[in-house]
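If you're matching them up, the sequences are chains C and E in order. Each number in the numbering used here comes from the position in the first sequence (counting from 1) with 278 added on. Each number in the numbering used here comes from the position in the second sequence (counting from 1) with 13 added on.
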Amino acid sequence: MKVKLESRLLGANELIAHNNRNMFSSRGILVINLMSSPGSGKTTILECTIQELAKQIKIGVIEGDLYTDQDARRIEQQGVEVVQINTEGTCHLDAQMISHAYQKLDASKPQLLFIENVGNLVCPAEFDLGEDLRVVVISTAEGNDKVTKYPLVFRRADVVLVNKTDLLPYTDFDVEKVKNDIGLINPSASIFLISGRTGEGMEAWICWLLQQSKNKLLSMNETSYLQMAEGRE
Amino acid sequence: MHELSLMQNVLQTVELSAEQHHICRINKVKLVIGQLTMALPDSLQFAFEALKPGTIFANASLVVEEQKARCQCRRCRQEFELDEFYGLVCPQCGNIDIQVQGGDEMYVDYYEGE
């Protein structure tokens, strides 16, 4: 007996991600999925970004790591609500983890939610979390070849942050080559050159984020906007 | 990629459906995997072999059909297939405004059993 299934392999995750996306949209929350290899500076970028943005917009953070809550402790210092997910060996976050973690953040009514994914350029690319934007960080200390070696995560990125520009004089990192490589597989990705350590280039990235958050609110329909506004009062 | 957990997903999905159809032995499972998903057919095959002993899949074979992404240049209309780097450049005119169709498929097409 032959049974036609046509059932998607990541169907279960995609369904939950879809529900997450609807839930976030109904609340007008802009959700950013931050991905990179370990040590490229995701947490430092977050600290820097929150420092600038927290005065203007209510921020929530979901931290994903295999073990420890070190990153969550760092982010907490910035005075924003943060939930740590420990995947205990799993190399990526999935939509179900986000759905659970967000329940702890909902009461604080964030308008901008950062999800810091597990440091890994391979697996996180596969799993939709229900985010609006995928931001991939590549640091100048990692070398030029990341885009060509891990095309999937860069192909699906909305934004690429080239971090640690303060180290450029000490590396062989070729900014133009990386820009060109990104352009070849994902011509519509926005690219920002930044240094989380010195703050260089952060302004453009932050302005861009604020604009995205505004666009998100504008895209809400009137009913859900009113419901959200009521909830915030 | 996550070939092992993907395969666990496949087996669960098929098992559930087999139960509903009162099928207790699977002979064949057919997957369709798009080029852009970067899931490796060899690794899927390996995961299948590793997971099947002692299950309703014990004697089943796995067939993986690879689906290429179909690209067309928006300027000169040239159609082409993607290389390994997935560079979206028209091989004829060098344009990078390319329309991509498919290549991101990842599904269980059908299974056979009794």
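Glycine included, every Cβ here is placed at the ideal spot set by N, Cα and C.
Q. Is DSSP giving residue 55 (chain E) helix, strand or coil here?
A. helix
Q: Quick one: list the residues of chain C neighbouring residue 79 (chain E), beta-carbon separation under 8 angstroms, in chain order.
A: Near residue 79 (chain E) there are no residues of chain C at all, since even the closest Cβ is about 14 angstroms away, more than 8 angstroms.
Q. Are the Cβ atoms of residue 376 (chain C) and residue 298 (chain C) separated by less than 8 angstroms?
A. Cβ atoms of residue 376 (chain C) and residue 298 (chain C): closer than 8 angstroms.
Q: Determine the extent of the beta strand (DSSP E) in which residue 439 (chain C) is found, giving its start and end residues.
A: 437-441 is the span of the beta strand (DSSP E), which, as asked, contains residue 439 (chain C).
Q.
For residue 66 (chain E), count the other beta carbons within 10 Å of its own beta carbon; 16 or more makes it buried, fewer makes it exposed. Which is it?
A. exposed
Q.
Would residue 323 (chain C) and residue 415 (chain C) qualify as a contact pair, given that the criterion is a beta-carbon distance under 8 angstroms?
A. yes
Q. Can you name, in chain order, every residue of its own chain whose Cβ lies under 7 angstroms from the Cβ of residue 378 (chain C), other than the five neighbours on each side?
A. none
Q | Top-ranked residue by Cα proximity to residue 15 (chain E), from C:389, C:425 and C:370 | A | C:370
Q) Taking 8 angstroms as the CB-CB cut-off, is residue 121 (chain E) touching chain C? A) yes
Q) So what's residue 428 (chain C) in DSSP terms, helix, strand or just coil? A) In the three-state DSSP reduction, residue 428 (chain C) falls in the coil class, being neither helix nor strand.
Q. Which stretch, first to last residue, makes up the beta strand (DSSP E) that contains residue 43 (chain E)?
A. 39-47
(Q) Buried or exposed, going by whether 16 or more other CB atoms sit within 10 Å of the CB of residue 124 (chain E)? (A) buried
Q: Take residue 467 (chain C) as the anchor and find which of C:436, C:320, C:482 and C:393 has the nearest alpha-carbon.
A: Ranking the options by Cα distance to residue 467 (chain C), first place goes to C:436.
(Q) Just to make sure I have the definition right: I need the residues of chain E whose C-beta is within less than 8 angstroms of the C-beta of residue 371 (chain C). Which are they? (A) The contacting residues do not exist; residue 371 (chain C) stays about 13 angstroms from chain E at best.
Q. Nearest chain E C-beta to residue 468 (chain C) closer than 8 angstroms, yes or no?
A. no
**Q.** chain E within 8 angstroms of residue 342 (chain C), Cβ atoms only
**A.** no
Q | Nonlocal neighbours in the same chain, by C-beta distance under 6 angstroms from residue 103 (chain E), ignoring five residues either side | A | Excluding positions up to five away in sequence, the list reads 86 and 91.
Q) When you compare each of E:39, E:70 and E:76 to residue 56 (chain E) by their alpha carbons, which one comes out closest? A) E:76
Q: Could you name the residues of chain C that residue 30 (chain E) contacts, counting a contact when the two beta carbons are closer than 9 angstroms?
A: 281, 283 and 285
Q. Residues of chain C with a CB under 7 angstroms from the CB of residue 19 (chain E): which are they?
A. Chain-ordered, the chain C residues with CB closer than 7 angstroms to the CB of residue 19 (chain E) read 287.
(Q) Against chain E, with Cβ distances strictly below 8 angstroms, would residue 402 (chain C) count as a contact? (A) no
(Q) From the DSSP secondary-structure annotation, give me the bridge partner or partners of residue 364 (chain C). (A) C:343
Q. Straight-line CA distance for residue 69 (chain E) to residue 26 (chain E)?
A. 13 angstroms
Q. Is there contact between the region 103-113 of chain E and the region 28-46 of chain E, where contact requires at least three CB pairs shorter than 8 angstroms?
A. With the cut-off at 8 angstroms, the region 103-113 of chain E and the region 28-46 of chain E do not touch.
Q.
For the region 435-450 of chain C against the region 338-356 of chain C, do three or more pairs of beta-carbon atoms, one drawn from each stretch, fall closer than 8 angstroms, so that the two count as touching?
A. no
Q) Under the DSSP definition of a beta bridge, which residues are partnered with residue 113 (chain E)? A) Residue 113 (chain E) is bridged to E:84.
Q) Does the beta carbon of residue 461 (chain C) come closer than 8 angstroms to any beta carbon on chain E? A) yes
Q: Tell me whether residue 84 (chain E) is buried or exposed, calling it buried when 16 or more other Cβ atoms sit within 10 Å of its Cβ.
A: buried
**Q.** C-alpha gap between residue 440 (chain C) and residue 78 (chain E), whole angstroms
**A.** 37 angstroms
Q | 8 angstroms contact criterion, which residue 349 (chain C) and residue 359 (chain C) should meet: CB distance rounded | A | So it is not a contact: roughly 14 angstroms between Cβ atoms.
(Q) Excluding the 5 residues flanking residue 64 (chain E) on each side, which residues of the same chain have their C-beta closer than 7 angstroms to its C-beta? (A) 20, 21 and 24
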